[in-house]
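Chemist: Protein chains in written order, with my numbering: chain C, 2 to 351; chain D, 61 to 390.
1) List, in chain order, every chain C residue whose beta-carbon is nearer than 8 angstroms to that of residue 321 of chain D.
2) Residues of chain D with CB closer than 9 angstroms to the CB of residue 60 of chain C, please, in chain order.
3) Quick one: what's got a C-beta closer than 6 angstroms to residue 275 of chain C's C-beta in the same chain, skipping five residues either side?
4) Is it buried or exposed for residue 160 of chain C, if we count other Cβ within 10 angstroms and need 16 for buried?
5) Please look up how many angstroms separate the CB atoms of residue 144 of chain D and residue 126 of chain D, rounded, as I've assumed it's under 8 angstroms.
6) Just mark residue 188 of chain D as buried or exposed, buried being the case when its beta carbon has 16 or more other beta carbons within 10 Å.
7) Between residue 85 of chain C and chain D, is the shortest Cβ-Cβ distance under 8 angstroms, so that the two count as touching?
8) Residue ranges of each alpha helix (DSSP H) run of no fewer than 4 residues wholly in the segment 58 to 102 of chain C, ordered along the chain?
9) Quick check for students: name the residue ranges of the alpha helix (DSSP H) that lie wholly in the segment 133 to 216 of chain C, counting only runs of 4 or more.
10) If you measure beta-carbon to beta-carbon, which residues of the segment 220 to 253 of chain D are closer than 7 angstroms to chain C?
11) Run through the DSSP bridge pairs and tell me what residue 231 of chain C is partnered with.
12) Check the Cβ of residue 318 of chain D against every Cβ in chain E and list those closer than 7 angstroms, keeping chain order.
13) Look up residue 155 of chain D in the DSSP assignment and say whether it is helix, strand or coil.
14) Starting from the N-terminal side, write out each stretch of the alpha helix (DSSP H) that is 4 residues or longer and does not extend beyond the segment 250 to 319 of chain C.
15) Mind listing, in chain order, the continuous beta strand (DSSP E) runs of no fewer than 3 residues lying wholly within the segment 277 to 307 of chain D?
16) Give a yes or no on whether the minimum CB-CB distance between residue 208 of chain C and chain D is below 8 angstroms.
17) Figure out for me which residue from D/294, D/249 and D/178 has the closest Cα to the Cα of residue 196 of chain D.
18) Could you tell me the alpha carbon to alpha carbon distance between residue 338 of chain C and residue 290 of chain C, rounded to whole angstroms?
19) Could you tell me whether the segment 251 to 262 of chain D touches the segment 165 to 181 of chain D, where touching means 3 or more Cβ pairs closer than 8 angstroms?
20) For residue 37 of chain C, I'd like the list of residues in its chain whose CB is within less than 7 angstroms of its CB, leaving aside the five on either flank, ordered along the chain.
21) Helix, strand or coil for residue 55 of chain C per DSSP?
22) Run down chain C in chain order and give the residues with a C-beta less than 7 angstroms from the C-beta of residue 203 of chain D.
23) Alpha carbon to alpha carbon, what distance is there between residue 369 of chain D and residue 355 of chain D?
24) Would you say residue 315 of chain D reaches chain C, if we count a Cβ-Cβ gap shorter than 8 angstroms as a contact?
25) Check the Cβ-Cβ distances between residue 166 of chain C and every residue of chain D, and say whether any is below 8 angstroms.
26) When you check each C-beta in the segment 161 to 183 of chain D against every C-beta of chain C, which residues fall closer than 8 angstroms?
27) Beta-carbon within less than 6 angstroms of residue 161 of chain D's beta-carbon, same chain only, minus the 5 sequence neighbours each way: which residues are those?
28) Along the alpha helix (DSSP H) that carries residue 128 of chain D, what are the first and last residues, could you check?
29) Cβ of residue 53 of chain D less than 8 angstroms from any chain C Cβ?
30) Kindly indicate the opening and closing residues of the beta strand (DSSP E) around residue 31 of chain C.
31) Using a 10 Å radius around the Cβ and a threshold of 16 neighbouring Cβ atoms, would you call residue 133 of chain C buried or exposed?
32) DSSP three-state label for residue 135 of chain D, please.
33) So which of C/189, C/195, C/81 and C/110 has the shortest CA-CA distance to residue 130 of chain C?
34) Starting from the C-beta of residue 126 of chain C, find all residues in its chain whose C-beta is less than 8 angstroms away, skip the five residues before and the five after it, and write them out in chain order.
35) Could you have a look at residue 322 of chain D and say whether DSSP puts it in helix, strand or coil?
36) Kindly identify the DSSP beta-bridge partner or partners of residue 219 of chain C.
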């Protein structure tokens, strides 16, 4: 018995010894929680296809950027593009690679109301500014002709924790309302002029579900999975749009020219006809130049896969695919990735 | 058995030999004492490190805002203007509300348990009360969101607005989320602290006190009054300990308070506490000053709780005349 086991053990030891140098087959990343469902799907599929194991920790966009800064991860993930000021704080040049888009939607709780709730940018800003406080306000009635709204007070719910979702929503409000821009501005956490805050998507949804008369913003995927009613919002082209992954992709196409110049350009309030106005991109953040060529190549190949083959998994998870124009922008970015000054992708795809 | 006895005898003799060796025996004791010393110093080091790291993290905010940080009413991460007043006030108001509600109930329960209830019933009830203390705060938070908030929204708050709405304290809309529900949940969470410490204090009082009061013709209620009077400093210590817990409570408060940085006179309005703003904003704070401001809030909270705990210790020690068995209960 023993003599049979021994060769087996020796073979195992050999296998381990051979496998050990293949450390470049492992990548680590950290950051945003919003894209975590699709990222974990990607890492799963990619591991099966290529054997590259990617360890991702969804610790939040801010913390992810900190990890990139500290050099403890191969890539970071953030829902908010890094500002010019923060970019200067980075030890080396980093690049943004948008991976998928997402919609921020307005979910509400109006018992007995089965119609379609329509909001214009002005009305939405007024609700969050605290100047519209009841559902039967004249301005709300004017944009919802023929559907009587109850005389209940409005509770505007926002995220109390810093989040990329808040960033997209406040970028939108700042784009459509100069008053909002002056008073609160845009960011992952802002000084809210009215309403209450819930922690996380679940916290906001919890307050909405528990409070008749509440309205709040959550991610599309979250609202869909929890079957919350969602408001239609009038976009820049004047059309009332239902939030969906397709209307986010339309929003990206509408600002493709600006994205080609700077991929960090917000895609809110896109001029495209079918665009969902409260849309955003989520990014992977990597150093343009890596020290470890093998790891750098593994990472670049994964990114290349994610922006092409990876896109097919977006729909099922309620994320928006990148339009062809943005994929092109990403291809350009990936070609610029280097290791010790030598181009990575040129070496792999001659 | 008989075979075993000589062996153990031999072992005893063998082992006894080195015990006469004084230096060796001392060194074993020394090692033990050193281990204990290291253990206690490690705890101390953890506290010191905590303070040093928080101070270091708060550095930029301390430098930028100075004392104005405590008085600033604005908390705007976009414009990088930070003032902690809404959070300091929110923490103090929710804690005060909690004590206002918890102290009468807590002391009442303690008096019943130590003075009136039959011992077996008293033991059962105090076990139940102490069980309350071991429920994780997120469970209180969930209960608050799913039970307390709807109840307040449909029954209590409309009544308050209708009958007491002329007071700024009860103006606004009945949403079931805000300072009032946060204070109520905190009250339930600190009742066990008040009750169990007060009960220990009352039990530590000599029976002769009660006997003397009754012998002088006092009614039972008057005799309880006499004991409570004697226990007053200790009970104050219990209250301050409860305050310490209420000040630092995070999860349940964050889920119920509405997380708004605006200050309002109304108990029905949303608010925010020092602990809740840290829990909310720390993970996604990117700018240096924002992180530093949150660290400074932590520092303020740390100092407040430190003071509260120190005062509680002193009061309980004074009340019990330094008797360790009672003081230890605190």
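Note that beta-carbon positions come from the ideal geometry of N, C-alpha and C, so glycine has one too.
Modeler: To lay it out plainly:
1) 192 and 193
2) 343
3) 248 and 251
4) buried
5) About 12 angstroms; that fails the 8 angstroms criterion.
6) exposed
7) no
8) 62 to 71 and 85 to 90
9) 139 to 144, 165 to 177, 179 to 184 and 201 to 211
10) 233, 235, 236 and 237
11) C/108
12) Here the protein chains are C and D, and chain E is not one of them.
13) helix
14) 257 to 262 and 294 to 308
15) none
16) yes
17) D/249
18) 6 angstroms
19) yes
20) 59
21) strand
22) Those within 7 angstroms of residue 203 of chain D in chain C number zero; the least Cβ separation is about 13 angstroms.
23) 21 angstroms
24) yes
25) no
26) none
27) 247
28) 128 to 131
29) Only positions 61 to 390 of chain D appear in the structure, and residue 53 of chain D is not among them; the question remains open.
30) 27 to 32
31) buried
32) strand
33) C/195
34) 174, 177, 178, 180 and 181
35) coil
36) C/106
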